[in-house]
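Residue numbers (my numbering), protein chains in the order written: chain V, 1 to 179; chain E, 180 to 543; chain H, 544 to 806. Every residue gets a Cβ at the ideal spot worked out from N, C-alpha and C, and that includes glycine. All values derive from a computational prediction rather than experimental measurement.
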Amino acid sequence: MRHEVRFSGFGGQGIILSAVILGRAAAIYDQKYAVQTQVYGPEARGGASMSAVIIDDEPILYPKVRNPDIFVIMSQQGFEKYGRNTRKDAMMLLDSDLVYDRPSCRWIGIPATGTAKKELGREIVANIIMLGALTGATTVVSEEALEKAILDSVPKGTEDLNIRAMKRGHELGKEDRKQ
Amino acid sequence: MQGNIASAEGALAAGCNFFAGYPITPSTEIAEHMAARLPKRKGACFIQMEDEIASMAAIIGAAWTGARAMTATSGPGFSLMMENIGYAVMSETPCVIVNVQRGGPSTGQPTMAAQGDMMQVRFGSHGDYSIIALCPSSVQECFDLTAKAFNLADQFRTPVFLMADEVIGHMRERIDLPDEVMVIRPRPLPEGVLPFTPVDNGVPGFASFGTGRRIPVTGLTHNEQGYPDTTNPARHESLVRRLVSKIEDARHEIADFQVVNEDAAFIFVCYGAPVRTVQEVVDRRRVPDTGYLKLRIVWPFPEKLLQRFTNVRAFIVPEMNLGMISREIERHVQVPVIPIGKIGGELHTPEELIEAVHFAGGDA
Amino acid sequence: MREDWLRNDRLPHIYCAGCGNGTIMNCVLEAVDKAGYERDNTVFLSGIGCSSRAPGYIETDSLHTTHGRALAFATGVKMAKPSLNVVVFTGDGDIAAIGGNHFIHACRRNIDLTVVCMNNHIYGMTGGQGSPTTPIGKTSTTTPYGAVEVPFDLVDLAVAAGANYVARWTSYHVTQLTEAVLNGLNTPGFSLIEVRCQCPTSYGRRNKFREPKDYMDFLRSHAVLKEKWERTAKPGEELPAESFLVGEFVRRARPVMGVADET
Numbered sequence: 001m002r003h004e005v006r007f008s009g010f011g012g013q014g015i016i017l018s019a020v021i022l023g024r025a026a027a028i029y030d031q032k033y034a035v036q037t038q039v040y041g042p043e044a045r046g047g048a049s050m051s052a053v054i055i056d057d058e059p060i061l062y063p064k065v066r067n068p069d070i071f072v073i074m075s076q077q078g079f080e081k082y083g084r085n086t087r088k089d090a091m092m093l094l095d096s097d098l099v100y101d102r103p104s105c106r107w108i109g110i111p112a113t114g115t116a117k118k119e120l121g122r123e124i125v126a127n128i129i130m131l132g133a134l135t136g137a138t139t140v141v142s143e144e145a146l147e148k149a150i151l152d153s154v155p156k157g158t159e160d161l162n163i164r165a166m167k168r169g170h171e172l173g174k175e176d177r178k179q
Numbered sequence: 180m181q182g183n184i185a186s187a188e189g190a191l192a193a194g195c196n197f198f199a200g201y202p203i204t205p206s207t208e209i210a211e212h213m214a215a216r217l218p219k220r221k222g223a224c225f226i227q228m229e230d231e232i233a234s235m236a237a238i239i240g241a242a243w244t245g246a247r248a249m250t251a252t253s254g255p256g257f258s259l260m261m262e263n264i265g266y267a268v269m270s271e272t273p274c275v276i277v278n279v280q281r282g283g284p285s286t287g288q289p290t291m292a293a294q295g296d297m298m299q300v301r302f303g304s305h306g307d308y309s310i311i312a313l314c315p316s317s318v319q320e321c322f323d324l325t326a327k328a329f330n331l332a333d334q335f336r337t338p339v340f341l342m343a344d345e346v347i348g349h350m351r352e353r354i355d356l357p358d359e360v361m362v363i364r365p366r367p368l369p370e371g372v373l374p375f376t377p378v379d380n381g382v383p384g385f386a387s388f389g390t391g392r393r394i395p396v397t398g399l400t401h402n403e404q405g406y407p408d409t410t411n412p413a414r415h416e417s418l419v420r421r422l423v424s425k426i427e428d429a430r431h432e433i434a435d436f437q438v439v440n441e442d443a444a445f446i447f448v449c450y451g452a453p454v455r456t457v458q459e460v461v462d463r464r465r466v467p468d469t470g471y472l473k474l475r476i477v478w479p480f481p482e483k484l485l486q487r488f489t490n491v492r493a494f495i496v497p498e499m500n501l502g503m504i505s506r507e508i509e510r511h512v513q514v515p516v517i518p519i520g521k522i523g524g525e526l527h528t529p530e531e532l533i534e535a536v537h538f539a540g541g542d543a
Numbered sequence: 544m545r546e547d548w549l550r551n552d553r554l555p556h557i558y559c560a561g562c563g564n565g566t567i568m569n570c571v572l573e574a575v576d577k578a579g580y581e582r583d584n585t586v587f588l589s590g591i592g593c594s595s596r597a598p599g600y601i602e603t604d605s606l607h608t609t610h611g612r613a614l615a616f617a618t619g620v621k622m623a624k625p626s627l628n629v630v631v632f633t634g635d636g637d638i639a640a641i642g643g644n645h646f647i648h649a650c651r652r653n654i655d656l657t658v659v660c661m662n663n664h665i666y667g668m669t670g671g672q673g674s675p676t677t678p679i680g681k682t683s684t685t686t687p688y689g690a691v692e693v694p695f696d697l698v699d700l701a702v703a704a705g706a707n708y709v710a711r712w713t714s715y716h717v718t719q720l721t722e723a724v725l726n727g728l729n730t731p732g733f734s735l736i737e738v739r740c741q742c743p744t745s746y747g748r749r750n751k752f753r754e755p756k757d758y759m760d761f762l763r764s765h766a767v768l769k770e771k772w773e774r775t776a777k778p779g780e781e782l783p784a785e786s787f788l789v790g791e792f793v794r795r796a797r798p799v800m801g802v803a804d805e806t
């Protein structure tokens, strides 16, 4: 089964890192095939940021995301660019603190930035909350694989913070917040 | 692992111990990775030069001390390297140049993919010459072909190019790292033989600086001793013909390719990122009666391969340029050649290639 | 002996009668010999121009490279194999025009190279065009009404950019020149020895120095010893017109690159 996951937000949120972690979880720890790509502009901070992961049981030939079935959207601009015309059966996780519109497909609002700031004290882990939510809301990657991939990728000394963020995200993803 | 990092790791596995470079999108990760890795290797050196002209010069200087030397760049930097690439050709200096192609001309599209330098790599420096250019279409091939580039450079005493593109350079896939890679070093310069006398299929032996052979190296037309001899037409002709033929004569022997569905009526010829779309269309049987020739070495062009497709009605050539290698194919075949040039920075979609097959007369 | 360093089968050389380059090569080879360098651990490099033909006459490994780029090639040689002694011959057009960027960066990195610049104020090999060191008012094929651009001072450039050893002499001052090259060889880091020299064929012919002796006389009479000038000049006093300072301008021990690890 081929899954195409699209991440979008603004530069500095860790949009590309999120895709790298997800791809790593699938390819290394879930023993699936994964390809990660991105589109980026000249900005290092701010500006629209997009990344994507394809996860498949078979080798991935065409490496670009065409028609994603899973979206992780972390900014209003990102929603406007990628979130408006999704396929009907897609699933979208959106950061309900930063995205004001809602899509026509299934969606779950995750208050990732607020939770990161208030409960965990570090806004920077909002993307990890979104990744955790992905394991709560979908089966695209296992929670165990994601945890290992996060531990591989985050700076030393922040492992505990990031795992707490992932677990909190997992809980938020499981609750059906569709309104 | 990312394609660019795989290129750097492939170089390291092949024993690369000298890297000179200058930051340029979308190749910079290679320099950054080498900057982290080379200082930890005994006797190895990473140096960030003042520009790409200097980077190319520095790897040539390093290569003459016996180093396995490499640089990495993209369009604008590649243009700056051209004069010294010609020097490397003329002085028969083994070295590896990675070009992660982006949209041009000029500064163009720094963050978008292209294959617009495929003619420049072949003909970009002045004068007649030939080179070897490899094109990876996966992260695994970034590793494998970079390692291989060092061997070809040493074997043929020539600059060898890894012509990647932004899609492959920035893509991440899982790769299998071999325990060790094959390493072929240059044939040593035999005692009593002049430094530019061909000893092996047109290729001279190599002795590095500081080993007592006292070799005068010049970019001028030179005799077998290395002494300039610039006004003798016969000398120039025999030297330049040898530089070309040592590579062109080996084009079928070193050809690196994959053929799928040899008997099909519609054959894609592809290299680099578009290979992936071709595989999606052909391997997944999205359209009938199609096959492909995937080239991992594009230059020297192995034209005899085109003759194996005896049922072919048309060659379809998807490239991220306005048709460069398609012209090379055109001059070797009788059937129609359909270039599918795509520029703007995005890879061909499967639908675009299926449409091309229909255009060529294939069934839906 | 310096004769041992020459490729006798390459002679006669291409230099014009009366050219200063042969004298300078002699001084450099004498210094290299005195420094204890050997033919098999020494590499000469050059770019393009009359000066840059010098390595081709010396019996060592050598790289005669592209115009202006010798220092970038030399950086590769020296950084890849610091045990080699690396000497670069260059000219004013080579180092100050097309190679200016490599020059200042090689000084900044303070790579352990000794660079001898034969400054004849003109492009000799291409037939006498103006260079970045052609003095104001002097004629060349591209400054037929006299040069109007302010020339570079190579010594000031090298000092400002960070070189560890910088000296200027002329083809007249052979003893001092040999000594300066030897000092450059023995100073770790980047050394520049600028040598003002005569080009009777191109510069001399167009600027009333037709005979080699004419320009040698000019060099002798207009070279002002830096040490003496600093001792005797009144505050604010300027050098007489067309005069220039010779001597050692800097010898220091800034951090260097490309020095062989002794261990």
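Integer Cβ distance of residue i from residue j, believed to fall under 8 Å
i, j, result
"H:V658", "H:L735", "5 Å"
"E:R353", "V:A34", "7 Å"
"V:Y29", "V:K156", "The pair is not a contact, with the Cβ atoms about 20 Å apart (cut-off 8 Å)."
"E:Q280", "E:G303", "At roughly 13 Å, the Cβ-Cβ gap does not stay under 8 Å, so E:Q280 and E:G303 are not in contact."
"E:G256", "E:I310", "The pair is not a contact, with the Cβ atoms about 17 Å apart (cut-off 8 Å)."
7 Å Cβ cutoff, residue i in contact with chain V
i, result
"E:T290", "yes"
"E:P529", "yes"
"E:L501", "no"
"E:L313", "no"
Where residue i sits in the DSSP three-state scheme
i, result
"V:R177", "Interpretation of V:R177 is limited by its pLDDT of 47, a score under 50 that renders its predicted location unreliable; no figure is taken from the coordinates."
"V:N193", "Residue 193 of chain V is absent from the model: chain V starts at 1 and stops at 179."
"V:E4", "strand"
"E:Y471", "strand"
"V:N162", "helix"
Chain E contact for residue i (CB, 7 Å cutoff)
i, result
"H:F616", "yes"
"H:T775", "no"
"H:A796", "no"
"V:G14", "no"
"V:A149", "no"
"V:P63", "yes"
"H:S714", "no"
"H:T806", "Here H:T806 scores only 46 on pLDDT, less than 50, and its place in the model should not be relied on; the value that follows carries that caveat. False, the Cβ-Cβ gap to chain E never drops below 7 Å."
"V:K23", "For the sequence presented, residue 23 of chain V should be read as Gly rather than Lys. Yes, contact with chain E."
Residue i at chain H interface by Cβ criterion, 7 Å
i, result
"E:R414", "no"
"E:F388", "yes"
"E:G381", "no"
"E:G384", "no"
Residue range of the alpha helix (DSSP H) that includes residue i
i, result
"H:R774", "769 to 775"
"H:R652", "643 to 652"
"H:N616", "For clarity, residue 616 of chain H is Phe in the given sequence; the question names Asn instead. That run of the alpha helix (DSSP H) goes 613 to 623."
"E:Q458", "453 to 461"
"E:I446", "From DSSP, E:I446 is part of no alpha helix (DSSP H) but of the beta strand (DSSP E) over 445 to 449."
"H:A704", "697 to 704"
Span of the beta strand (DSSP E) around residue i
i, result
"E:T376", "Counting along the chain, E:T376 falls outside any beta strand (DSSP E), and DSSP gives it neither H nor E."
"H:F589", "Inspection of the sequence shows that residue 589 of chain H is occupied by Ser rather than by Phe. It spans 585 to 589 - the beta strand (DSSP E) in which H:S589 sits, taken as one unbroken run."
"E:R506", "Counting along the chain, E:R506 falls outside any beta strand (DSSP E), though it belongs to the alpha helix (DSSP H) covering 504 to 509."
The ligand PLP heavy atom lying under 6 Å from the CB of residue i
i, result
"H:R748", "Only the bare structure without any ligand can be found here, which leaves the ligand PLP out of the picture."
Could you name the residues of the region 334 to 351 of chain E whose beta carbon sits closer than 8 Å to any beta carbon of chain V, in the order they occur along the chain? Cβ contacts with chain V: V346, H349, M350, R351.
To be precise: take each residue of the region 684 to 705 of chain H, compare its Cβ to all Cβ atoms of chain E, and keep it if any distance is under 9 Å. Which residues remain? none
Chain H contacts from the region 396 to 413 of chain E (Cβ-Cβ distance under 8 Å): V396, T397, G398, L399, Y406, P407
Cβ-based contacts, 8 Å cut-off: residues of the region 29 to 61 of chain V near chain E: Y33, A34, V35, Q36, T37, Q38, V39, Y40, G41, P42, I60, L61
Check distances from the C-beta atoms of the region 216 to 244 of chain E to those of chain H and list, in chain order, the residues that come in under 7 Å. C224, I226, M228, E229, D230, I232, A233, A236, A237, I238, I239, G240, A241, W243, T244
The region 437 to 462 of chain E: positions lying closer than 7 Å to chain V by Cβ: R455, T456, Q458, E459, D462
Closer than 9 Å between beta carbons: that is the criterion. Which residues of the region 463 to 484 of chain E meet it against chain V? R463
Selection of the region 188 to 204 of chain E by Cβ proximity to chain H, strictly under 7 Å: F197, A199
Residues, ordered as in the chain, of the region 252 to 269 of chain E that lie near chain H by beta-carbon distance below 7 Å: E262, N263, Y266
For the region 503 to 526 of chain E, list every residue whose C-beta sits within 8 Å of some C-beta in chain V, in sequence order. E525, L526
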